[in-house]
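There are 4 protein chains.
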Amino acid sequence: MSSNTFGTLFRYTTWGESHGPAIGCVVDGVPPLLDLSEEYIQPFLDIRKPGQTRNVSQRQEADQVKILSGVFEGKTTGTPISLFIENMDHRSKDYGDIKDKYRPGHADFTYDKKYGIRDYRGGGRSSARETASRVAAGAIARLILKGVSIEGRVTQIGPHKDSAEWESFLDKIRKSGSSAGAIVEVVAKGVPVGLGAPVADKLDAAIASAMMGINAVKGVEIGAGFGAALLGGEENSDQIRIKDGKPYFLSNHAGGILGGISTGQDIVVRMAFKPTSSILTPMKTIDRYDNETEIVTKGRHDPCVGMRGVPVAEAMLAIVLADHLLRHKAQCGDRT
Amino acid sequence: MSSNTFGTLFRYTTWGESHGPAIGCVVDGVPPLLDLSEEYIQPFLDIRKPGQTRNVSQRQEADQVKILSGVFEGKTTGTPISLFIENMDHRSKDYGDIKDKYRPGHADFTYDKKYGIRDYRGGGRSSARETASRVAAGAIARLILKGVSIEGRVTQIGPHKDSAEWESFLDKIRKSGSSAGAIVEVVAKGVPVGLGAPVADKLDAAIASAMMGINAVKGVEIGAGFGAALLGGEENSDQIRIKDGKPYFLSNHAGGILGGISTGQDIVVRMAFKPTSSILTPMKTIDRYDNETEIVTKGRHDPCVGMRGVPVAEAMLAIVLADHLLRHKAQCGDRT
Amino acid sequence: MSSNTFGTLFRYTTWGESHGPAIGCVVDGVPPLLDLSEEYIQPFLDIRKPGQTRNVSQRQEADQVKILSGVFEGKTTGTPISLFIENMDHRSKDYGDIKDKYRPGHADFTYDKKYGIRDYRGGGRSSARETASRVAAGAIARLILKGVSIEGRVTQIGPHKDSAEWESFLDKIRKSGSSAGAIVEVVAKGVPVGLGAPVADKLDAAIASAMMGINAVKGVEIGAGFGAALLGGEENSDQIRIKDGKPYFLSNHAGGILGGISTGQDIVVRMAFKPTSSILTPMKTIDRYDNETEIVTKGRHDPCVGMRGVPVAEAMLAIVLADHLLRHKAQCGDRT
Amino acid sequence: MSSNTFGTLFRYTTWGESHGPAIGCVVDGVPPLLDLSEEYIQPFLDIRKPGQTRNVSQRQEADQVKILSGVFEGKTTGTPISLFIENMDHRSKDYGDIKDKYRPGHADFTYDKKYGIRDYRGGGRSSARETASRVAAGAIARLILKGVSIEGRVTQIGPHKDSAEWESFLDKIRKSGSSAGAIVEVVAKGVPVGLGAPVADKLDAAIASAMMGINAVKGVEIGAGFGAALLGGEENSDQIRIKDGKPYFLSNHAGGILGGISTGQDIVVRMAFKPTSSILTPMKTIDRYDNETEIVTKGRHDPCVGMRGVPVAEAMLAIVLADHLLRHKAQCGDRT
């Protein structure tokens, strides 16, 4: 709908640039009387925050979240929850060189062409820093999803699916000033059957939008995903049996979603992160006055942004599921 | 937003089941004074319609579109355009057998669990028949996209990327009562730079939602897509030069979108279609009373639904681009 | 949101012009398993339809509604309900004279200036005929509002509050080719406490939008309304007591809404209808080529459109309440 | 849509309670390259803020606005603008008495019944303090409305239309611990013809929603408003002539809006504010445990809230017009 709002009933609106005074978001539609505190949200942000290992951005941020509204005496009130995170370490000097040059593979070019102006300090609005807000919103979404667990993990870094190879590969990438892509998988267990809706509000369509909206993601698949194109119908269709009086499926090629609606099986989503465009190799580019030039990006960046994408992907899945759970309750809640 | 409405400014709302009297949609937000007639829309529907070759569903439908409102003396009036397509050949008798049984891989199970009721004749609302409405809406969207061409094609059927092998492969599939998956690619050329928006309204997120919302699609990727995970930053980042006084890119791994905003390069989208679940092999399943049973689906179906997905994917891309073009004009139109 | 869609969870999208082949709407978000038939909706349309007494438009319309989707074996399926009403008596010849001239007080001028084109036959989209769709949608909304009654009535015609004077006043108006305004009041009884929300989604704001959106309405008030400006706080504030273990109010100046949320008292809404601009007295106007001229409107019109506004106002109130009931259930349903 | 978001393209989302640490809003959809600073917004807030004369609340608030995002080097960037206003003087002790009792005429009762919890300090979210955010958002909306002036004024206090009587009347009201209602009129001059849309997005419907959504407003009318019910069609319909080559109207009973679309005449809106429910007279009420009791509200309140409603009503009108201007540009901008 709006450029910075996501969701229908459970919805957040984010704001803030990487080098402004703060970032944050407003989370609306939260049911009342849920236990909520800054202490509950903080650990989710701590997982995402930079500077924790040598293979992620060395930017130092406390990422301390403050709740400014919507909570009274430790409980949600049903009114909008304003979350606020101060930017501490925004060393703008690092970015002076890219003020007028466009970094290949980065949003510099498109922002400038669209708006005619951009906050060039560290990517401004297009910085992955904005995703801290989504992680905080996702923590609140989880409160609505009782009995649902959502967990993500990196399954591939560059060409390597074996995690034993990752550390040495990343050391090499980091030292050479290069960057690597990654595949991330998120699984939601315990999702009730019936979330989603036909046609324009398919649960998988909402998930695809949520994941493709994460910085650096270039592909999203659910269940068998692109691999489903290789299968025959007999193999791909998940057969159904009864166990302990309940339906269960003999496989999960559907990734937990059929016809846009959750089946009750695990929801399995995978996404591809491109390698970050901030690299030390000089790249051919132009400046905003259409002069050809070269650029080297010297900021503190992640050699593999996909690794830090895990908590963001988890948060986005929680947000989509919480929104659809509320919507399902509205339309079909009397049946259950 | 709503379960059957897609888009913000250019938006359509679809209705109708595969075996009801008719299907259709309401297209809202169309600028006035565009030339529009039934004769203009019909060819787009003719491409999608079934029964044209032996390797698609043999259902016979005229798919004749009627415009019921929003057009006066051959021009759009700016008011909602109601499109109406009668269902001619809805032989319900074919579906009696699946009244109480859930077809594995189909939406039967989830609809029943969500709503407690479903129109079991031919999939009802989950039938691919609904996509005829989207194709018609897409034809109108193209009117807004002057200078933009949108073309899709099948690039893979089952495991075969070489189109010379497709016909014999599909014959084999069809005769054995099985089904095959496919990969479809859609390319939009001539898209202006600047469409889309950061964070919640990224153009790629909207495209991902649109494509994943097409029946049987299980994966979506843009530009290098999942392949981007394998590349280093130097390779993946598209370098920029000037030619004839204009920026151009030395490659297009971004698929025409950076930071959620169009670059002016070709927008390249690929999606994976699963094999249809309607197959002649008996499959283990349950009925709605939780009894274990088997099912064989005998209806007239597509051995490879991906093939008929091409015009739908083209339509959805047109709809997303038209919507974002109008939105861009609203916010940034004074600059251009 | 969109120009022709109203509501968030329970929502309708209308289409059609007064002199096209048909009008209709798509109603989305309806819970499944409600009993719904054409026979149930028809009586609501019969009340609204023209040609029934001498003091309303003499246009003859069967206003026969058809349900094209979303209902299966007499029950709603949870998918969009397409309602279809054919236009029978659209004698376009009556309107030739106003093709190029703007009727003062009518939407001719603004449509032409906005869109550069308009369907001049009978007002096209701005015709009160479109309200038949809303009445049909309102009938469906009532199914969701179990235990709620919604009834409207005319309380004033022209300057006359005493209904005994209305018939002779209207005869005089009609014979002189003039028109009269009216006040309509709608009361909803049995509305549960808690519908609505603070700030942007106040229940009274939604009602105001719904009512002001009815053709010819120029003012809306709730409870004491404009009269509240004359009162002191002691008088206006409704005191609360307990009766039979339940809260009740000693008065209802609030009209059933406090802080944007329903109190459980009767919701009382009043609105002012202007006199229709279609009158036989020659009026000064211009044509679309900016020539000064005069106009007399000879079509079949209502001397007092407010009278036919009653079922429309009832329908709109039902739609707003149904939407907010579903939304309340989503956010706070676990509490009740 | 969401409970705390208003508008489609130009939209704000507000957050914050009267006695929390701060209030604020996020304004989205603002075109880029507009001059914007805290110094520009502040004067609009200064007009609204309390404690300035003896006849308004004596709460002392600096109401100093901070811009936290969306502005770079003095210009809007097209990304969301976060506005932040600290709460300075939130003396919670005044409110201890009403912790469990419901003030008649106030939102206490409905909030508690809806949410089962409320921030009882000063009304929490239902406090008029929230309107500071709307005033700030309105200041930004004005930047989009070049050539449009929007001015409001009180036209009636209690029963008094003559402003000479107001001061003594209010002194009497204040000293007696009572409160008075008021009528406010807002006029927008210079609005271009063509804003708004038929049926669900009528400009007058949006204005009605915006105004009825202001705290304490119980009625809204446009142009002749409720008075239109008394007129005949000849009198009410504004005749049209040409002057200096341009259309002009001989009267403005329509209040600048016909068929939901602006005519280019002055847009004239009036609204009724009820007397505040915070009065010194003991009133019958109940507590949250359903005990009958009495209450006297001792906080620092406005004897006539309508007076402070003027800048809020101006802001809301600016917001509606800015939103519709952008929407009109999107759909019909190529024509103008």
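Chains as they are written, first to last, in my numbering: chain B, 1 to 336; chain D, 337 to 672; chain A, 673 to 1008; chain Z, 1009 to 1344. All C-beta atoms, glycine included, are put in the ideal place defined by N, C-alpha and C.
Coil, strand or helix - residue i by DSSP
| i | result |
| --- | --- |
| Gln-331 (chain B) | helix |
| Leu-616 (chain D) | coil |
| Met-607 (chain D) | strand |
| Ala-564 (chain D) | helix |
| Phe-44 (chain B) | helix |
| Arg-54 (chain B) | coil |
| Gly-978 (chain A) | helix |
| Asp-1116 (chain Z) | helix |
| Thr-344 (chain D) | coil |
| Ile-545 (chain D) | According to the sequence displayed, residue 545 (chain D) carries Ser and not Ile. In the structure shown, Ser-545 (chain D) sits in a helix (DSSP, three-state: H, G or I). |
For residue i, the nearest candidate out of the options (CA to CA)
| i | options | result |
| --- | --- | --- |
| Val-184 (chain B) | B:Met-307, B:Ala-322 and B:Arg-11 | B:Met-307 |
| Asp-938 (chain A) | A:Asp-910, A:Pro-975 and A:Asp-735 | A:Asp-910 |
| Arg-134 (chain B) | B:Val-305, B:Phe-273, B:Arg-270 and B:Ile-23 | B:Ile-23 |
| Gly-530 (chain D) | D:Met-547, D:Ser-598 and D:Asn-627 | D:Ser-598 |
| Leu-740 (chain A) | D:Glu-353, D:Leu-506 and D:Glu-374 | D:Glu-353 |
| Asp-448 (chain D) | B:Gly-196, B:Ser-149 and B:Ala-315 | B:Gly-196 |
| Tyr-1048 (chain Z) | Z:Gln-1072, Z:Pro-1029 and Z:Thr-1118 | Z:Gln-1072 |
Neighbour list for residue i in chain B, Cβ cutoff strictly below 8 Å
| i | result |
| --- | --- |
| Arg-726 (chain A) | Neighbours of Arg-726 (chain A) on chain B: none; closest Cβ ~45 Å, over 8 Å. |
Chain A contact residues for residue i, given Cβ-Cβ distances below 8 Å
| i | result |
| --- | --- |
| Tyr-1110 (chain Z) | Ile-912 |
CB contact below 8 Å: residue i versus chain B
| i | result |
| --- | --- |
| Ile-622 (chain D) | yes |
| Ser-1135 (chain Z) | no |
Beta carbon proximity, residue i to chain A, threshold 8 Å
| i | result |
| --- | --- |
| Lys-75 (chain B) | no |
| Pro-192 (chain B) | no |
| Phe-1177 (chain Z) | no |
| Thr-341 (chain D) | yes |
| Pro-368 (chain D) | yes |
| Gly-181 (chain B) | no |
Own chain partners of residue i with C-beta closer than 7 Å, once the 5 adjacent residues on each side are dropped
| i | result |
| --- | --- |
| Val-966 (chain A) | Here residue 966 (chain A) is Glu; the residue named in the question, Val, does not match the sequence. Taken in chain order, the residues that qualify are Pro-954, Met-955, Lys-956 and Thr-957. |
| Pro-104 (chain B) | Ser-277, Met-283 and Thr-285 |
| Gly-7 (chain B) | Ile-319 and Asp-323 |
| Leu-34 (chain B) | Lys-75, Thr-76 and Leu-143 |
| Lys-890 (chain A) | Ala-944 and Lys-946 |
| Gly-1155 (chain Z) | Gly-1198 |
Neighbourhood of residue i by C-beta distance below 8 Å, restricted to the same chain and skipping five residues each side
| i | result |
| --- | --- |
| Arg-1019 (chain Z) | Thr-1013, Val-1035, Asp-1036, Gly-1037 and Asp-1331 |
Beta carbon proximity, residue i to chain D, threshold 8 Å
| i | result |
| --- | --- |
| Thr-1087 (chain Z) | yes |
| Thr-1344 (chain Z) | Legend: pLDDT at Thr-1344 (chain Z) = 48, less than 50; position of this residue unreliable, no value from coordinates given. |
| Glu-130 (chain B) | yes |
| Gly-1037 (chain Z) | yes |
Neighbour flag for residue i against chain Z, beta carbons, 8 Å
| i | result |
| --- | --- |
| Arg-470 (chain D) | no |
| Asp-540 (chain D) | no |
| Met-673 (chain A) | In this prediction, Met-673 (chain A) scores a pLDDT of 44, lower than 50, which makes its location untrustworthy; no coordinate-derived value is stated. |
| Tyr-115 (chain B) | yes |
Residues near residue i in its chain [Cβ-Cβ closer than 6 Å; skip 5 each side]
| i | result |
| --- | --- |
| Thr-672 (chain D) | In this predicted model, Thr-672 (chain D) has a pLDDT of only 48, less than 50, meaning its place in the structure is not dependable enough to derive any value. |
| Pro-275 (chain B) | Ser-179, Ala-180 and Gly-181 |
| Lys-1074 (chain Z) | Phe-1092 |
| Asn-1299 (chain Z) | none |
| Gly-1131 (chain Z) | Ser-1026 |
Chain-ordered neighbours of residue i on chain A, where CB pairs are closer than 7 Å
| i | result |
| --- | --- |
| Gly-352 (chain D) | Leu-740, Ser-741 and Ser-754 |
Contacts that residue i makes with chain B (C-beta to C-beta distance below 9 Å)
| i | result |
| --- | --- |
| Leu-629 (chain A) | Within the shown structure, residues of chain A are numbered from 673 to 1008, placing residue 629 (chain A) beyond reach of any answer. |
Chain-ordered neighbours of residue i on chain D, where CB pairs are closer than 7 Å
| i | result |
| --- | --- |
| Ala-1338 (chain Z) | Leu-345, Leu-662, Arg-663, Lys-665 and Ala-666 |
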